[in-house]
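Okay, structure first, notes after.
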């Protein structure tokens, strides 16, 4: 990757790659470049492990293997990642759910990320808060969890990117801006806390005497486990009134406190974990809103595009009666049912960068008419459909299957 030499000053020519002009690249192209970098890193880690095993007789595995219990997923994951050296994060990830028979060819790994993120971002767990108005999560400034657990979340985000998994996480855009090392502003607060941002903007635009009308001081009040606490934005802030002359400084400090200072320990630990895995050159190609797409995928679902790229095998074609029924049923499904179908088939309910048209699935004929449910190989995005005798039976069997799609144990 010669463009890396350019950034380090080793290259002789000035322009040798489109990576030097990332604004010309689509998010999908950048994602592919990042995946190439990840594959190279994983290949190097595997080669290193093989060398250590054959030459140095080391017991090092070519994979980062996590063996976890569903009932203790967070603690098991934290313990094992904490005992791993940073170089191991660059290895291909394999997940084993204790007591289950799934072999991780990708599908188990997808479910691992899905369940782990769901548990970590559960508001009851205390690490993150949830804003009902914006439907976004944020770092809990009052969290009693250790920085180590926020470091774990950063590692998980990095491992998900490196292993091609999409996370069902919704941060305001300012979180991704901070992940790219950019400084937040009042505009970013509008996406995070629109109510506060509106009030601060009103303060800046107010034409009369600010001090007499608002009676504000350089101090912020916040809730701490049901009690109101105060924080001075400057020394002696409780005695410093906000005036027309200093209101811009007040707004800047207010925004800085909410988006930076109040969550500094939590976010710094998270960012450290993320950069340990994904701190390569390819990440710098992304704009912060493209980073959001890379982590969380696209929020809209074009199933017509998915239908156009779907491949058929085992005797099915796009003209087969059952396939025609299948896509008719998909078009009739609610959004939640479509997301459940996507999760059942691929292990994730979000569209990747590039949309569903870049996510090719395979539908395979799995025998004749039967009462058996459809099955899937999420590792390879394969949906296995028996040739049911009627559209109503297909609907019944399919919807029953997609509503019970968690776990890799044998039923």
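In our numbering, the protein residues as written are 16 to 426. Ideal Cβ placement from N, Cα and C applies to all residues, glycine included. Computed from a predicted model, the values in this text were never measured in an experiment.
Cβ distance (whole Å) where residue i is taken to contact residue j below 8 Å
i           : j           : result
residue 428 : residue 232 : A question about residue 428 goes unanswered here, because the residues of the chain that appear run from 16 up to 426.
residue 344 : residue 388 : That belief does not hold up - the Cβ atoms of residue 344 and residue 388 are roughly 15 Å apart, past 8 Å.
residue 287 : residue 166 : 6 Å
residue 289 : residue 169 : 4 Å
residue 252 : residue 263 : The Cβ separation is near 16 Å, so there is no contact.
residue 273 : residue 208 : 7 Å
7 Å CB neighbourhood of residue i in its chain, flanking five on each side removed
i           : result
residue 91  : 83 and 84
residue 136 : 143, 152 and 184
residue 426 : The predicted position of residue 426 is uncertain, since its pLDDT is 29 and thus under 50; a value taken from the coordinates is nonetheless stated next. No residues qualify anywhere along the chain.
residue 212 : 201, 204 and 205
residue 418 : 355
residue 293 : 173, 176 and 177
residue 100 : none
residue 96  : 167 and 170
Closest by C-alpha distance to residue i, when choosing among the options
i           : options               : result
residue 176 : 193, 308 and 336      : 308
residue 198 : 390, 261 and 271      : 271
residue 109 : 94, 98, 238 and 128   : 128
residue 409 : 369, 253, 385 and 395 : 385
residue 260 : 205, 80 and 224       : 224
residue 159 : 370, 332, 358 and 239 : 239
residue 306 : 362, 364, 140 and 182 : 182
residue 381 : 356, 330 and 178      : 330
residue 180 : 413, 296, 124 and 351 : 124
residue 88  : 164, 273 and 413      : 164
residue 188 : 411, 243 and 310      : 310
residue 367 : 319, 315 and 134      : 315
residue 58  : 107, 95, 220 and 94   : 107
residue 362 : 98, 93, 130 and 244   : 130
residue 267 : 215, 291 and 229      : 215
residue 395 : 359, 147 and 218      : 359
residue 140 : 244, 241 and 155      : 155
residue 242 : 276, 349 and 157      : 157
residue 319 : 221, 339 and 112      : 339
residue 86  : 113, 327, 333 and 226 : 113
residue 1   : 397, 299 and 94       : For residue 1 there is no data in the structure shown, the boundaries of the chain being 16 and 426.
residue 392 : 126, 93, 77 and 98    : 126
residue 186 : 350, 276 and 150      : 150
Own chain partners of residue i with C-beta closer than 6 Å, once the 5 adjacent residues on each side are dropped
i           : result
residue 407 : none
residue 422 : Residue confidence for residue 422 is low, a pLDDT of 48 falling below 50, so the modelled location carries little weight; the figure read from the coordinates is stated next. Excluding positions up to five away in sequence, the list is empty.
residue 303 : 191, 192 and 195
residue 145 : 138 and 152
residue 383 : 402
residue 317 : 370 and 371
residue 390 : 399
Within 9 Å, strictly: CB atoms of residue i and residue j
i           : j           : result
residue 79  : residue 104 : yes
residue 378 : residue 325 : yes
residue 193 : residue 301 : no
residue 402 : residue 284 : no
residue 357 : residue 365 : yes
residue 337 : residue 400 : yes
residue 265 : residue 217 : no
residue 236 : residue 245 : yes
residue 148 : residue 210 : yes
Run of the beta strand (DSSP E) containing residue i, from where it starts to where it stops
i           : result
residue 239 : 234–239
residue 397 : 397–400
residue 109 : 108–112
residue 244 : 242–247
residue 316 : No beta strand (DSSP E) contains residue 316, which DSSP labels as neither H nor E.
residue 82  : 79–83
residue 257 : Here residue 257 belongs to no beta strand (DSSP E), and DSSP marks it neither H nor E.
residue 391 : 390–392
Segment limits, alpha helix (DSSP H) that includes residue i
i           : result
residue 146 : That residue, residue 146, is in no alpha helix (DSSP H); its beta strand (DSSP E) goes 143–146.
residue 355 : 350–361
residue 289 : 279–293
residue 411 : 406–417
residue 275 : Segment: none, residue 275 is in no alpha helix (DSSP H) and carries neither H nor E.
residue 152 : Per DSSP, residue 152 belongs to no alpha helix (DSSP H); it is in the beta strand (DSSP E), 151–154.
residue 134 : 122–135
residue 188 : 188–194
Sequence-distant residues of its chain with Cβ nearer than 8 Å to residue i (five each side left out)
i           : result
residue 200 : 270
residue 321 : 371, 372, 374 and 376
residue 332 : 338
residue 411 : none
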